[in-house]
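Below is one structure, written out as structure tokens; the observations come after it.
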Amino acid sequence: MSDTVKDLGQMLEKLREVENVFKYGEKMVPVVKGFISFMSDFIPVIEEVNGSIAETREKIPEATSQIDKVTSATELAISEVLDKVDDTIEQLNGLDDSLDEIIEKRNRVEQLVEVLQKEIKGNETAEVVLGAILEELDLTLTLETMKNKVKDITSNTDQITMSLQVQDITSQQLAAVNHLIISVQHKLGSLLSVFDTSGKRMVTPNLELPGTHFDSKASYEKPDVSQDMVDSIVSDEKTTQDDIDKLFS
Amino acid sequence: MENKFLIVDDSSTMRRIVVNTLKSLGYSDYVEAEDGKVAYEKLTADDSINFVITDWNMPVMTGLELTKAIRANDRTKALPILMVTTRGIKEDIVQALQARVNNYVVKPFTPQILKDKIDLVLAN
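Taken in order, these protein sequences are the chains called W and F.
Sequential numbering of the first sequence, starting at 458, is according to my numbering.
Sequential numbering of the second sequence, starting at 2, is according to my numbering.
In structure tokens, the structure reads:
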């Protein structure tokens, strides 16, 4: 008898638990309804996102192609500038040689003038005329100025040559950007395959991921500062190596 | 003996700038390569090359790999190598020195810096 009562008690307890589950279920119904409503609204958003991803991804090959074209066009333009720099350097060298020849001639003229001055000593008119001629022919200052100008222009061409190296640096930066964009294209392709369960969407194949033959940290800085740091490291490393070598000698 | 340079860089602009600097130093004998692999092939086929100026970041074979390949070859292991690169952080420089480059120039460089380093390497 007592067992039957105990069983009935347990049954009642289970029924209360079931009742609680139903009560909880009733409470959950609005939440589930809300979730279904949210999903109904969200699916078109996902579709839109999916479409945007596909559209963005389709534009990537054109973007990378444009970047490659920029690199090639810049390289060509820099090559033309270098042609002009070469011509300028050649002409400057020619000008410098000509100036040296003029200086040599002037030195020879000075020697001849010394001889002439001795010959006409005492002839006042001749001395005055020679003095006037020498004054007119005094090119010392002009020649020195011209030599300095040639030096300045040569230094400027060196500066231009250095500045043109920016092309190599920017091309490495652009290569890094290209690499990043193509990586994004690959990721977007993976995302598309996740979203597009129908398999109906036509997905263009991934671009081939280029090798990482660039320095993504390449930057155009004042060269002397960087080179000083490099020289210091090279010097330190060499000292260390020398010290090591001494230990084994 | 006349110096014959091997200039290795995937940028034609950079190769040209190095060539111009060499010409201004009076060196007219040089060959060019656009990556480490081509450079190594030229080096092993031409005994007269006695100075290598190489970039680091290149496709196919990098300048660092080229340096290691040169140092591992009995015939070429003593060649002077000057690394000319945009990589200017200490770890990179130390890595290049450990691979036994003779000196290191950071881009962008003035022609004078390149001249000084070539002279320094040749003097040693």
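All C-beta atoms in this analysis are idealised placements derived from N, C-alpha and C, irrespective of residue type, glycine included.
C-alpha distance - residue i paired with residue j, whole-angstrom precision
| i | j | result |
| --- | --- | --- |
| residue 596/W | residue 583/W | 21 Å |
| residue 470/W | residue 482/W | 18 Å |
| residue 32/F | residue 53/F | 10 Å |
| residue 6/F | residue 619/W | 21 Å |
| residue 11/F | residue 42/F | 15 Å |
| residue 577/W | residue 560/W | 25 Å |
| residue 490/W | residue 514/W | 36 Å |
| residue 611/W | residue 562/W | 24 Å |
| residue 13/F | residue 511/W | 37 Å |
| residue 103/F | residue 71/F | 12 Å |
| residue 114/F | residue 642/W | 42 Å |
| residue 675/W | residue 646/W | 30 Å |
| residue 557/W | residue 48/F | 40 Å |
| residue 684/W | residue 546/W | 25 Å |
| residue 64/F | residue 605/W | 40 Å |
| residue 550/W | residue 608/W | 10 Å |
| residue 83/F | residue 668/W | 24 Å |
| residue 500/W | residue 690/W | 59 Å |
| residue 479/W | residue 488/W | 14 Å |
| residue 701/W | residue 95/F | Any reading at residue 701/W is ruled out, since the residue's pLDDT is 47, under 50, leaving its predicted position unreliable. |
| residue 485/W | residue 472/W | 20 Å |
| residue 599/W | residue 55/F | 44 Å |
| residue 523/W | residue 79/F | 44 Å |
| residue 85/F | residue 529/W | 22 Å |
| residue 110/F | residue 663/W | 38 Å |
Residue burial classification, residue i (beta-carbon count within 10 angstroms, cutoff 16)
| i | result |
| --- | --- |
| residue 622/W | buried |
| residue 629/W | buried |
| residue 589/W | exposed |
| residue 661/W | exposed |
| residue 705/W | Because the pLDDT at residue 705/W is just 49, under 50, the model does not fix this residue reliably, and the value given afterwards should be weighed accordingly. Exposed, because fewer than 16 other Cβ atoms sit within 10 Å of the Cβ of residue 705/W. |
| residue 120/F | exposed |
| residue 88/F | buried |
| residue 124/F | exposed |
| residue 495/W | exposed |
| residue 707/W | As displayed, chain W neither begins before 458 nor continues past 706, which places residue 707/W out of reach and without an answer. |
| residue 93/F | buried |
Any chain W beta carbon closer than 8 Å to residue i
| i | result |
| --- | --- |
| residue 14/F | yes |
| residue 125/F | no |
| residue 110/F | yes |
| residue 18/F | yes |
| residue 11/F | yes |
| residue 38/F | no |
| residue 41/F | no |
| residue 31/F | no |
| residue 105/F | yes |
| residue 21/F | yes |
| residue 64/F | no |
Residue-chain proximity (residue i, chain F), Cβ-Cβ < 8 Å
| i | result |
| --- | --- |
| residue 545/W | no |
| residue 687/W | yes |
| residue 690/W | yes |
| residue 629/W | yes |
| residue 506/W | no |
| residue 532/W | yes |
| residue 634/W | no |
| residue 557/W | no |
| residue 666/W | no |
| residue 623/W | yes |
| residue 521/W | no |
| residue 610/W | no |
| residue 590/W | no |
| residue 619/W | yes |
| residue 701/W | With a pLDDT of only 47 at residue 701/W, under the threshold of 50, the placement of this residue in the model should not be trusted, and no figure is reported. |
Contact list for residue i against chain F, beta-carbon separation under 7 Å
| i | result |
| --- | --- |
| residue 525/W | By Cβ distance, chain F contributes nothing, its closest Cβ being about 14 Å from residue 525/W, past 7 Å. |
| residue 675/W | 87 |
Reference residue i; option with closest CA among the options
| i | options | result |
| --- | --- | --- |
| residue 525/W | 626/W, 605/W, 648/W, 635/W | 635/W |
| residue 28/F | 45/F, 36/F, 87/F, 8/F | 8/F |
| residue 62/F | 72/F, 37/F, 44/F | 37/F |
| residue 75/F | 14/F, 109/F, 57/F, 44/F | 44/F |
| residue 15/F | 519/W, 475/W, 689/W, 533/W | 533/W |
| residue 108/F | 18/F, 3/F, 4/F | 18/F |
| residue 693/W | 99/F, 112/F, 60/F | 99/F |
| residue 521/W | 650/W, 631/W, 644/W | 631/W |
| residue 601/W | 640/W, 575/W, 553/W, 627/W | 553/W |
| residue 59/F | 677/W, 672/W, 495/W | 672/W |
Chain F residues whose Cβ lies nearer than 8 Å to that of residue i
| i | result |
| --- | --- |
| residue 672/W | 57, 58, 86, 87, 88 |
| residue 615/W | 111, 112, 113 |
| residue 536/W | 13, 14, 17 |
| residue 626/W | 87, 108, 109 |
Cross-chain neighbours of residue i in chain W, by beta carbon under 9 Å
| i | result |
| --- | --- |
| residue 94/F | 686, 687, 690, 691, 694 |
Proximal chain W residues relative to residue i, where beta-carbon distance stays under 7 Å
| i | result |
| --- | --- |
| residue 98/F | 691, 694 |
| residue 91/F | 690 |
Under 8 Å by beta carbon: chain W residues contacting residue i
| i | result |
| --- | --- |
| residue 74/F | The contacting residues do not exist; residue 74/F stays about 21 Å from chain W at best. |
Within chain F, the residues that residue i reaches when beta carbons sit closer than 9 Å
| i | result |
| --- | --- |
| residue 539/W | 14, 17, 18, 21 |
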